[in-house]
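Some notes on the structure that comes next.
Chains as they are written, first to last, in this note's numbering: chain W, 1 to 254; chain Z, 255 to 519.
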C-alpha cells in the first residue's frame with residue numbers, strides 16, 4: 001500500500017512539475033501544452049471516437065504483423081539451430097538483417113505493396129522476425145543435450161522431443177526474443193505510420209503526424225502518451241505473466 | 255532333440271557380446287571399450303566399477319541405445335538393441351530433470367509417452383513412485399527448490415515410473431554429499447527389494463558398488479576392459495560402513511590398483 005502511494009505520489013509530482021513549467025511561461029504555450037490541454041484533447045478524441053479508431057487500426061496491423069513474424073521466426077530459428085547449412089545461410093541473413101533498422105524496409109515496402117495494409121504488415125513482420133529467429137536459435141543451442149537424451153530414453157521421438165523438450169527448454173530465450181521482436185515491431189510500425197499516409201486507414205502514427213502539421217501540440221503529446229501507455233500495457237499484459245512463470249519455474253527470480 | 259532345446263531358454267535380461275567402441279580423440283583414436291562381454295540376469299544388480307575414462311559410462315550408453323557399438327552386439331530380453339527404449343530407463347549423473355515442469359510433471363513425462371493408460375492412472379502411478387522415494391509432499395514443487403538428494407530421488411521416481419525392466423544408472427549419486435548418499439543407499443536397497451528391477455549401476459566408488467551390487471565388474475582404462483568380476487554375497491540390507499563390506503571393498507581396491515599399475519599385455 002505504501003509502495004503504491006509512493007508511486008502515485010511520483011506521478012502526481014511529475015504532472016505538477018509539468019504544469020508549473022508551463023505556468024512559468026518559459027516557452028510558448030504553443031510549443032509546450034499544459035497537462036490540462038493534453039487531457040482535454042484526449043477526452044475529446046475519446047468522445048468523438050477518433051482515438052479508439054486509430055488505436056484499433058494500429059493494433060490490428062501490429063498484431064497481425066507480429067503474429068506472422070512469430071509464425072515464421074520460430075520455425076526458422078529451430079531450423080537454423082538444427083542444421084549447419086541453414087545456420088550458415090538463413091542464420092547469416094538473419095544476423096545481418098537484424099542490424100538493419102526496420103524503418104529501412106519502408107521505402108521497399110511502399111514500392112512493392114503501395115500505400116496499403118500489405119506494406120504495413122511487411123514492415124512489422126520484418127521488425128519481428130529476425131530477433132525472434134535469432135533468439136530461438138540461441139535458445140535451442142543452449143539447451144543442455146542431456147535433456148534430449150533423457151527424453152529419448154523415456155521414449156520421446158523427434159517431433160515429440162521438439163515440442164515437449166527443446167521448445168520448453170529454450171522458452172526463456174524465446175520469450176525475451178519475442179519481447180525484443182515486439183519492441184522492434186512497435187517502433188517500426190510507428191515510424192512507418194508517421195512516414196507515409198496509408199489510404200486504407202489512419203493509425204496512431206498518422207494522428208501524431210497530423211498533430212505536427214496542424215501545430216496541435218496537445219495532440220502530439222497526447223498521442224505520444226497513448227503510444228507509451230500501449231507499450232507499457234503490452235509488457236504488463238502479454239509478457240510479464242510469462243516472465244513471472246519462467247522466473248518461478250527456473251528459480252531465476254531474486 | 256530334447257524338450258529343453260525346443261523351448262527358447264529365457265535369455266539373459268541384458269547380454270553384451272564382444273563390444274568394441276572407439277572415439278576420435280585429440281591424440282588419435284581412444285579405444286573406449288575393447289572386447290566387452292557381460293551377462294546380466296533378471297532381477298540382478300550389477301555394478302560397473304572403474305576409474306574415470308575406463309568406458310563404463312560408454313557401455314551404459316550403448317546398452318541404453320544412445321550410442322552404437324563399433325562391433326559386437328547388445329541384446330535386451332533377447333532382442334537386439336537398436337535405439338533407446340522404454341524397457342531400459344537411464345538415470346544420469348546430473349539429475350537431468352526438466353526445469354520447466356514441476357516434480358509431478360517430471361515423473362509423468364515418461365508415463366505420458368506410454369500408450370493405453372488413462373490419465374488418472376498415470377497420476378496414480380506417479381504418485382505411487384513419489385511416495386516410494388519419499389517425496390509425495392513435493393509433487394507441486396519446482397525443480398530448483400529441491401536439494402541435490404531430492405533431485406536424484408525425483409530422477410529415480412521418473413525412471414521407475416514407466417516400469418522399465420532394466421534400470422541403467424550412471425553414477426547417480428556421485429555429486430551428492432556423503433550423508434545424503436548413504437541415506438540413498440538404504441532407500442535404493444529398499445526400493446530394489448520391492449520392485450526387483452534388473453539394474454546396471456556405474457560408479458567409481460568401490461564401497462558404493464559393494465553396498466548395492468550382487469556382482470561388481472571391475473574395469474580398467476586405455477583401452478576400457480573388464481578385468482575382474484566379484485560376487486558379493488553379503489546379506490541385505492547392507493550397511494555401507496560395516497566391517498564385512500569394508501573387507502570386500504578393500505579386496506576390490508587392491509585388485510583395482512593392481513590393474514592400474516600393470517599395463518595391458
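For every residue, glycine included, the Cβ atom is placed at its ideal position computed from N, Cα and C. Remember, it's a predicted structure, so these values are computed and weren't measured experimentally.
Within the segment 73-133 of chain W, the runs of alpha helix (DSSP H) that reach at least 4 residues and sit entirely inside it are, in chain order, 92-98, 105-113. The Cβ atoms of residue 220/W and residue 208/W lie closer than 8 Å to each other.
By a beta-carbon distance limit of 8 Å, residue 461/Z contacts residue 503/Z. Their separation comes to about 5 Å. Rounded to whole angstroms, residue 8/W and residue 396/Z show a C-alpha spacing of 35 Å. Close to chain W, meaning a Cβ-Cβ distance shorter than 7 Å, are the following residues of the segment 343-355 of chain Z: 343, 344, 346, 348, 350, 352, 353, 354. Following the DSSP letters along the chain, one finds residue 423/Z inside the beta strand (DSSP E) bounded by residues 420-424.
For residue 154/W, at least one C-beta of chain Z is nearer than 8 Å to its own C-beta.
Of 324/Z, 410/Z, 366/Z, the smallest CA-CA separation from residue 276/Z is found for 324/Z. Nearest CB-CB separation between residue 416/Z and chain W: below the 8 Å threshold. Residue 443/Z is a Cβ neighbour of residue 491/Z, given a cutoff of 8 Å. In this structure, residue 379/Z places its C-beta atom within 8 Å of the C-beta atom of residue 415/Z. Three or more Cβ pairs closer than 8 Å define a contact, and the segment 151-165 of chain W falls short of that threshold against the segment 178-187 of chain W.
Chain-order list of chain W residues neighbouring residue 490/Z: empty, with the shortest C-beta distance near 27 Å, by a criterion of under 7 Å. Here residue 169/W is buried: its Cβ has 16 or more other Cβ atoms, across all protein chains shown, within 10 Å. Runs of the beta strand (DSSP E) spanning 3 or more residues and lying entirely within the segment 329-392 of chain Z occur at 342-345, in chain order. Residues of the segment 297-329 of chain Z that bring their beta carbon within less than 7 Å of a beta carbon in chain W comprise 318, 320, in sequence order. DSSP places residue 139/W within a helical segment (H, G or I) once states are collapsed to three. With respect to the 8 Å criterion, residue 167/W and residue 80/W are not classified as neighbours on the basis of their beta carbons.
Contact annotation: in the segment 64-84 of chain W, no residue has its CB less than 9 Å from a CB in chain Z. Residues of chain W with a Cβ closer than 8 Å to the Cβ of residue 364/Z are, in chain order, 154, 155.
Within the same chain, 188, 191 come within 6 Å of residue 103/W by CB-CB distance, once the 5 residues on both sides are set aside.
Rounded to the nearest angstrom, the Cβ distance from residue 418/Z to residue 343/Z is 4 Å, consistent with a contact under 8 Å. Taking a contact as a CB-CB distance under 8 Å, the pair residue 58/W and residue 203/W counts as one, their CB atoms being some 4 Å apart. Residue burial is scored here from C-beta neighbours: residue 496/Z has fewer than 16 other C-beta atoms within 10 angstroms and is therefore classed as exposed.
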